[in-house]
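Student: Protein chains in written order, with this note's numbering: chain A, 1 to 401; chain B, 1001 to 1300. Built from N, CA and C at the ideal position, the CB exists for glycine as well. These numbers come from a predicted model, not from an experiment.
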Amino acid sequence: MATLSADIGVTYRMRAGDLGALFSTLHAANFLTIGPRLSGEAIILEELNGPEDLPVGWGDEQEAGRYRLRRRADQAFFGYNLGPESWKKFLTPQRQLLWRARRQGATFTIEQPERLGGGPQQLAFIGVRACELAAIRVQERVREVSGQPANDLIDAKCRVATPFLVGVTCAQSAATCFCTSMGTGPALGPPGSSGVGYDLALTEFPSEDDHHFTIEARSERGADIASHIPRQLATEEECDAVRQQSDTTAALMRRHLKLDKPAQLFQDSLEHPHWDEVASRCLSCANCTLVCPTCFCTNIEDTSDLSGDVAERWLRWDSCFHLDFSYLHGGSVRQTTRSRYRQWLTHKLGTWHEQFGSSGCVGCGRCIAWCPVGIDLTVELEALTLSPEVTGVQTGKYEHP
Amino acid sequence: MSLGLPINVQKQVDPRQNSFVPRVFTVTGKTRETADTVTIKAHSGDGGVQLEARPGQFNMLYVHGIGEIPVSLSAVGSDGSLLHTVRRVGPVSKALGNLRIGESFGVRGPYGTHWPLESLHGRSVIVLAGGLGLAPLRPAIHHLLKFRDAFGEVGIYCGARSPADRIFASEFSRWQREKPHATGAKSIQVRVTVDRVPDQAKAAWHGEIGVVTSLLPRSISDPVNAAAMICGPEVMMRHAVQDLLQLGIAKEHIYLSLERNMKCAVGLCGHCQLSRYFVCRDGPVFSFDAVEHLLTVKEL
């Protein structure tokens, strides 16, 4: 195994057959490797033992309300677009035990799960796309603004601060993608340029006779890991090809989101008749918020065992599309689907800026693909930013594509 | 394969290290305010530092095995005790109301913004409460009494459904009796109105009947120099604001305490969002000019 040191910011060439070295090096450094794999009829994020667990030769076809796996003509490891799951599955797990309380006579005592302290549970994410680096940063920002010390979320220290991130350039976009509109991709920029800092940048070139990657370290520890992977300096043409790949992906992107004044969206659209039109299609199922890589809303669940002596508090994902989400004594504030969709969209694209200094949308398109009725926020936004007369909603002329 | 956390619960937690973990308080007193409303007095059972709460702030109260709800502090005792006034409407508030002296419950907080009393020095003050809305205003009233000389005229106007639904009624006369120390300042005006009086109570009721805002026209003599603090049902507050504006009180001197669903109380769970605000963190006390545009839109 080559042990020549790798330099940060230098592009190397790596044979596809040596991808296993990345996994074995990470395993040797005590990382649990997590990345895309086939499960059922989708590509989801799970633990990976090695490159053989990646969805080799699989791609997908996506449209509003549609996701289908497709065989590729080549043996690409990363030839798919985003699946339904985002990395928040690991960074802010769906359910977390916050504490457990035991009754002791008239009072009770509270105990907390031991925090994980690194070791074998350190996570390495393989195949993080540019828009997902942006999404991870957006969720980090939410926690920063809330002023919560990292240890408030049980495992924040190990899972938020230190996952090893291996970015992969998007060689193609799904029809649902619009990262170019949000400035989050498809190129893997310098660390911190549009997302969270990361460790390694991979770009795949899956031709039959010369299947290879370029690999570039973006951090010290990224360089440490890369130094154990067989590689050689990339030629100028190979460096250019990395840029060309993301340029081509960007040029072929079909969807776009246009919002010149996000700060105005909330105020200007509150009583827009188009909310009623969306609500007539929206099932209020919450799929969009669950697949969204930035949606952060949670609920606190207090439970007890049958004896009533041991109670637990769990933090779990919640959604602003649920009727109970805004529950107050006397009835929920947002009774209608119209008001709940309005809350979601104006928050995601508008008031998020005021709260956290960026858009809540990174352009990943998951909410479009996984909406069971194919509601497309880029289309809805266009209708909302046009005047009611232009959309023709009031006269019934507006037709959803 | 499991990526779940090992759940070997062992370590005792220091609540000050973690904002999701309540401190344990013990009930040391209970006062029945109305048929369904009780004030619970509690002391910390962990020997920890006293909670430094400002008037208008709230705590998250947890009953073992039942759940947690936000409750405003209705007073802070000089001995560090906390007083919360709870109406028994849901599982948690009922369980809180059922706690006996000596039993414990959890407290996280205090959270949220407070009535900006220091910045109102020199002004006349109108306190407008609807129903249980008097609870978060009571610490502010205690401040007005304690620092009476720092304020101009003070008027306290409370609305209740019926005479039997008034809370803190036994304190009203003390509030009214409180004489200003400085010469020339007027006594505090305390007036109560009820929506209706049951037949059997008619003989004993000599107060007003009608909405609480009907008390405003005969309130203070210098509205231009006045500020107002309001807490009650949102519809009542909307009407009250309009009447206060008509009296001549400036938007930025009208404060209201809003209510939304709160779960985490630290601006993280998203439940209490109102446009750009997290009501738990940016509220519950807002100046009217900050939320004016949000109160006229339904289901926001």
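1) Does B:Asn-1261 have its Cβ less than 7 Å from a Cβ in chain A?
2) With a threshold of 7 Å between beta carbons, is B:Gly-1270 in contact with chain D?
3) What three-state label does DSSP hand B:Glu-1052 in the structure shown?
4) Please return the same chain residues whose Cβ sits closer than 6 Å to the Cβ of A:Ser-332, not counting the five positions on each side in sequence.
5) For A:Gly-117, would you say it is in contact with chain B, using Cβ-to-Cβ distances shorter than 7 Å as the test?
6) From B:His-1293 to A:Gln-244, what does the alpha carbon distance come to, in whole angstroms?
7) May I ask you to verify whether the region 219–233 of chain A touches the region 17–36 of chain A, counting CB pairs closer than 8 Å and requiring at least 3?
8) Does A:Ile-229 come out as helix, strand or coil in the three-state DSSP assignment?
9) Mind checking who A:Glu-301 pairs with in its DSSP beta bridge?
10) Give, in chain order, every residue of the region 258–283 of chain A whose Cβ lies closer than 8 Å to some Cβ of chain B.
11) Could you check the C-alpha separation between B:Gly-1004 and B:Asn-1261 for me, to the nearest Å?
12) I'd like the span of the alpha helix (DSSP H) that includes B:Pro-1233, first residue to last.
13) Under 9 Å, CB to CB, which of the residues in the region 1136–1154 of chain B have a partner in chain A?
14) I'd like to know whether the C-beta of A:Leu-328 is nearer than 7 Å to at least one C-beta of chain B.
15) Output the distance between the C-alpha atoms of B:Tyr-1111 and B:Gln-1057, rounded to the nearest integer angstrom.
16) Rounded to the nearest angstrom, what separates B:Pro-1217 and B:Gly-1067 at their Cα positions?
17) Any beta carbon of chain B sitting closer than 7 Å to that of A:Lys-157?
18) Using a Cβ-Cβ distance cut-off of 7 Å, determine whether B:Ser-1275 contacts chain A.
19) Compare the C-beta of B:Ser-1287 with all C-beta atoms of chain A and state if any pair is closer than 7 Å.
20) Could you check the C-alpha separation between A:Thr-378 and A:Arg-255 for me, to the nearest Å?
21) Just how far apart, CA to CA, sit B:Ile-1040 and B:His-1084?
22) Over what stretch of residues does the alpha helix (DSSP H) that includes A:Phe-90 continue unbroken?
23) Mind checking A:Thr-235: buried by the 16 CB within 10 Å criterion, or exposed?
24) Could you work out which residues of chain B lie near A:Gln-244, taking near to mean beta carbons separated by less than 7 Å?
25) Quick one: what does DSSP say B:Pro-1198 is sitting in, helix, strand or coil?
26) Listed in chain order, which residues of the region 94–109 of chain A have Cβ atoms closer than 8 Å to some Cβ of chain B?
27) From B:His-1253 to B:Asp-1165, what does the alpha carbon distance come to, in whole angstroms?
28) Identify, in the order they occur along the chain, each residue of the same chain with its Cβ nearer than 7 Å to the Cβ of B:Cys-1272, setting aside the five sequence neighbours on each side.
29) Out of A:Ala-250, A:Val-166, A:Gly-65, A:Glu-63, which one is the CA nearest neighbour of A:Leu-22?
30) Quick one: is A:Asp-53 near chain B, going by C-beta distance under 7 Å?
31) What are the boundary residues of the beta strand (DSSP E) that includes B:Asn-1059?
32) Name the chain A residues whose beta carbon is nearer than 9 Å to that of B:Thr-1026?
33) Grab the span of the beta strand (DSSP E) containing B:Phe-1105 for me, first residue to last.
34) If you pair each beta-carbon of the region 181–194 of chain A with each one of the region 125–135 of chain A, do three or more pairs fall below 8 Å?
35) The ligand FMN heavy atoms versus the CB of A:Glu-312: any closer than 6 Å?
36) Tell me the DSSP secondary structure of A:Leu-257 in three-state form.
Tutor: Quick look at the numbers:
1) Contact of B:Asn-1261 with chain A is assigned, a C-beta pair being separated by under 7 Å.
2) Looking at the structure shown, chain D is missing, and the protein chains on hand are A and B.
3) coil
4) Leu-323, Ser-326
5) Because A:Gly-117 carries a pLDDT of 43, less than 50, the predicted location of this residue cannot be relied on, and the following value inherits that uncertainty. Proximity of A:Gly-117 to chain B, defined by a Cβ-Cβ separation below 7 Å, is not satisfied.
6) 48 Å
7) yes
8) coil
9) According to DSSP, which records beta bridges pairwise, A:Glu-301 is partnered with A:Trp-314.
10) Phe-266, Gln-267, Leu-270, Glu-271
11) With a pLDDT of only 32 at B:Gly-1004, under the threshold of 50, the placement of this residue in the model should not be trusted; the figure read from the coordinates follows. When rounded, the distance between both Cα atoms is 29 Å.
12) Counting along the chain, B:Pro-1233 falls outside any alpha helix (DSSP H), and DSSP gives it neither H nor E.
13) none
14) yes
15) Cα to Cα, B:Tyr-1111 sits roughly 6 Å from B:Gln-1057.
16) 43 Å
17) Confidence at A:Lys-157 is low in this model, with a pLDDT of 39, below 50, so its placement is unreliable and the value that follows should be read with caution. Closer than 7 Å: no.
18) yes
19) no
20) 7 Å
21) 5 Å
22) That run of the alpha helix (DSSP H) goes 88–91.
23) exposed
24) The contacting residues do not exist; A:Gln-244 stays about 37 Å from chain B at best.
25) coil
26) Listed by position along the chain: Gln-96, Leu-97, Leu-98, Trp-99, Arg-100, Ala-101, Arg-103, Ala-106, Thr-107, Phe-108, Thr-109.
27) 29 Å
28) Correct list, in chain order: Arg-1260, Asn-1261, Met-1262, Phe-1278, Val-1279, Cys-1280.
29) A:Val-166
30) no
31) 1058–1063
32) Ala-106, Thr-107
33) 1104–1111
34) yes
35) For the ligand FMN, the structure offers nothing, since it holds no ligand at all.
36) coil
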